[in-house]
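Visitor:
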Amino acid sequence: MTLLDRIILLLTGLTAIYILWYFYKRYQKEKALHDVYYMLGFAVLLVSGLLLIFFGWGILASPYVLTVATLIPLGISMGLMNQFAPQYKKAYSWFALVGLLAIAVTSIGGMSLKSIAVPVFHGVAGLIIFGLPLFKKDSAKGFWLVGIGGALIGIGGIALAFLVSGSQLLFFSAEFVYAILAPLLLLMTLAFAFGFRKDIGTD
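Written as structure tokens, this is what we have:
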């Protein structure tokens with residue numbers, strides 16, 4: 005990991021803190037469950053970024069880190085389902101729980117099935133984060149940027165999952181993924197921050 009990577013990851017962490025503060029302020033007023041899920045996702049993103057700064061890319065090989073990092077798309081997608089599609093939140097909650105357990109068991113247990121569990125869960129969560137902000141007609145203007153963040157987290161998560169499992173997704177070689185990962189995380193977090201800030205600003 006280069007010094008530039010660490011600087012970019014630091015900026016990613018500062019951006020996560022920025023949007024966490026706004027989620028916390030809204031939660032203090034409304035006590036809405038979806039804000040708890042959002043805060044979970046961005047808090048894990050912040051911690052993950054700090055761990056990468058101190059320990060480098062090698063920490064991504066840890067099955068525990070892979071499992072905990074799953075809470076990022078889990079938290080954000082659960083927040084979106086609770087806020088914008090509450091009629092499906094119970095069914096998705098069960099899917100998310102099963103997905104998290106499957107990733108934890110297959111990753112920590114060193115099972116080959118993790119090459120299926122991780123892409124499936126990250127893919128579904130990424131599609132929800134991508135789709136809901138883009139197609140929700142009554143959402144705030146500019147909220148579509150959350151969907152861009154969802155596309156980035158889906159692509160990055162799936163590509164990284166293939167690497168960890170020893171495979172390669174299309175042209176996403178290890179060198180290529182590690183070269184773009186820090187900028188990708190920053191762009192993703194900025195898209196989330198601007199998009200969610202538009203939504204919070206309407207309350």
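For the sequence shown, the numbering used here begins at 5 and goes up steadily by one.
No residue lacks a Cβ here, since even glycine has one placed at the ideal position from N, Cα and C.
Hey, how far is the Cα of Lys33 from the Cα of Gly113?
Guide: Spanning the two alpha carbons is a distance of roughly 42 Å.
Visitor: Please list, in chain order, all residues of the same chain as His38 whose beta carbon is under 7 Å from its beta carbon, the five residues on each side excluded.
Guide: Gly83, Asn86 and Gln87, listed in sequence order.
Visitor: For Leu49, I'd like the list of residues in its chain whose CB is within less than 6 Å of its CB, leaving aside the five on either flank, ordered along the chain.
Guide: Hits under 6 Å: Ala20 and Ile76.
Visitor: Just how far apart, CA to CA, sit Val181 and Leu188?
Guide: Rounded to the nearest angstrom, the two C-alpha atoms are 9 Å apart.
Visitor: Assuming Phe46 and Ile23 are in contact, meaning their beta carbons sit under 8 Å apart, how far apart are those beta carbons, in whole angstroms?
Guide: Rounded, the Cβ-Cβ distance is 6 Å, consistent with contact.
Visitor: Report yes or no: do the region 97-107 and the region 131-148 share at least 3 C-beta pairs separated by less than 8 Å?
Guide: The region 97-107 vs the region 131-148: no contact.
Visitor: Along the chain, where does the alpha helix (DSSP H) containing Ala108 start, and where does it finish?
Guide: Lys93 to Ile112 is the extent of the alpha helix (DSSP H) around Ala108.
Visitor: Beta-carbon separation of Gly130 and Gly79 under 8 Å?
Guide: Result no, Cβ atoms of Gly130 and Gly79 do not sit closer than 8 Å.
Visitor: Counting only the same chain and skipping the five closest in sequence on each side, list residues whose C-beta sits under 6 Å from that of Thr16.
Guide: Gly53, Leu189, Leu190 and Thr193, listed in sequence order.
Visitor: Could you give the distance in angstroms between the alpha-carbon of Gly127 and the alpha-carbon of Lys94?
Guide: Whole-angstrom Cα-Cα distance: 19 Å.
Visitor: Under DSSP, the alpha helix (DSSP H) around Met192 begins and ends at which residues?
Guide: Where Met192 is concerned, the enclosing alpha helix (DSSP H) stretches over Ala178 to Gly205.
Visitor: Could you check the C-alpha separation between His159 and Gly199 for me, to the nearest Å?
Guide: In the sequence on display, residue 159 carries Ile and not His. Each residue's Cα considered, the two are about 19 Å apart.
Visitor: Measure the C-alpha to C-alpha separation of Phe58 and Leu7 and round it to an integer number of angstroms.
Guide: Their backbone Cα atoms lie some 11 Å apart in a straight line.
Visitor: Apart from the five residues on each side of it in sequence, which residues of its chain come closer than 6 Å, Cβ to Cβ, to Val69?
Guide: The answer, listed in chain order, is Ile63.
Visitor: In three-state terms, what does DSSP make of Thr16?
Guide: In this structure, Thr16 counts as helix in the three-state DSSP scheme.
Visitor: Can you look up Met5 in the DSSP assignment and give me helix, strand or coil?
Guide: If DSSP states are grouped into helix, strand and coil, Met5 belongs with coil.
Visitor: How is Ser52 classed by DSSP in three states: helix, strand or coil?
Guide: It is helical.
Visitor: Tell me whether Gly135 sits in a helix, a strand or coil according to DSSP, three-state version.
Guide: Correct three-state label for Gly135: helix.
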